[in-house]
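S.K.: Numbering (UniProt numbering), first residue to last: 1 to 255.
See the structure below:
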């Protein structure tokens with residue numbers, strides 16, 4: 001299912017002297033269409049993938065998991081709202097769930113869950129004023145120890161939280177979700193994306209992962225200084241480089 005159909009540049013093109021309009025791929029972008037429930041944004045670092053993803057999330061008023069709530073309220077993402085304002089957003093239907101997630105925000109999300117539990121307990125202490133309530137510091141240690149995510153690796157935490165958040169019928173913006181994941185867990189994530197997309201979700205994902213990019217039903221856009229071009233998996237620069245590297249790593253690593 002598709003919620004966001006396309007974006008197209010407004011008539012007043014911004015001046016390219018400053019970020020994010022100075023990024024070549026974004027400066028040249030006039031229209032981008034989302035053909036399938038999974039769309040990947042691929043390309044080298046600093047080519048504009050994450051910047052455009054943030055702008056899409058801001059334009060769709062997505063909620064940033066583990067950050068400061070709505071993307072448009074995050075002062076670090078002010079450029080995203082500015083970039084979003086230069087596009088028309090063509091929607092096929094409304095989406096009740098609109099989520100933006102970066103892998104590095106997961107730990108912040110876990111901390112916020114612990115803080116909410118502590119705040120609830122502090123409120124009970126103040127309301128009841130009971131001497132038989134357990135010591136606050138001990139409760140704090142217990143909450144942190146008891147958090148079911150604390151005993152897991154960063155990658156396992158990420159998959160657990162993402163699995164809880166994917167409800168099928170929603171619009172999801174994921175920024176390099178493979179970052180904390182092993183190749184095996186990247187395969188698990190690819191399977192999760194496929195299952196959630198078939199249940200009615202739409203995903204727009206900025207990624208470097210050849211595992212995720214290998215999902216055959218996905219649309220892939222590759223970013224470079226010449227613009228943004230739709231590519232097949234085997235045409236991607238990163239995939240062709242990785243195949244050559246795996247065939248002869250010594251060729252790239254010898255002094």
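Positions of the beta carbon are idealized from the N, C-alpha and C atoms, including for glycine. Here the structure is a predicted model, which means the values were calculated and not measured.
#1: Give me the Cα-Cα distance between residue 9 and residue 190, rounded to the nearest whole angstrom.
#2: Could you tell me the alpha carbon to alpha carbon distance between residue 95 and residue 40, rounded to whole angstroms?
#3: Considering only C-alpha positions, which residue in the set 93, 226, 172 and 1 is nearest to residue 29?
#4: Is the segment 237–246 touching the segment 54–63, taking contact as three or more C-beta pairs under 8 Å?
#5: Using CA coordinates, which residue listed in 160, 4, 70 and 181 is at the minimum distance from residue 38?
#6: Tell me whether residue 175 is buried or exposed, calling it buried when 16 or more other Cβ atoms sit within 10 Å of its Cβ.
#7: Classify residue 172 as buried or exposed, calling it buried when 16 or more other Cβ atoms lie within 10 Å of its own Cβ.
#8: Considering only residues of the segment 18–51, which uninterrupted beta strand (DSSP E) runs meet the minimum length of 3 residues and lie entirely inside it, listed in chain order?
#9: Report the residue ranges of all beta strand (DSSP E) runs contained in full by the segment 155–205; include only those spanning at least 3 residues, in chain order.
#10: When burial is assigned at 16 or more other CB atoms within 10 Å of the CB, is residue 237 buried or exposed?
#11: Within 10 angstroms of its Cβ, does residue 256 collect 16 or more other Cβ (buried), or is it exposed?
#12: Rounded to whole angstroms, how far is the Cβ of residue 55 from the Cβ of residue 83, which I believe are closer than 8 Å?
#13: When we look at the beta-carbon of residue 216 and count the other beta-carbons within 10 Å, is it buried (16 or more) or exposed?
M.R.: This is what the structure gives:
#1: Cα-Cα distance, rounded: 31 Å.
#2: When rounded, the distance between both Cα atoms is 20 Å.
#3: Nearest of 93, 226, 172 and 1 to residue 29, Cα basis: 226.
#4: Counting Cβ pairs under 8 Å, fewer than three are found: no touch.
#5: Here the closest residue by C-alpha is 4.
#6: For residue 175, the number of other beta carbons within 10 angstroms of its own is at least 16, and it is reported as buried.
#7: By the neighbour-count rule (16 or more Cβ atoms within 10 Å), residue 172 is buried.
#8: List check, beta strand (DSSP E) in window: 31–33 and 38–43.
#9: Here the runs fully enclosed are 171–175.
#10: Taking all protein chains in view, the Cβ of residue 237 is surrounded by fewer than 16 other Cβ atoms within 10 Å, so the residue is classified as exposed.
#11: The requested residue 256 does not occur in the structure, where the chain is confined to residues 1 to 255.
#12: Confirmed, about 4 Å.
#13: Residue environment: residue 216 is assigned as exposed (fewer than 16 neighbouring CB atoms within 10 Å of its CB, all protein chains considered).
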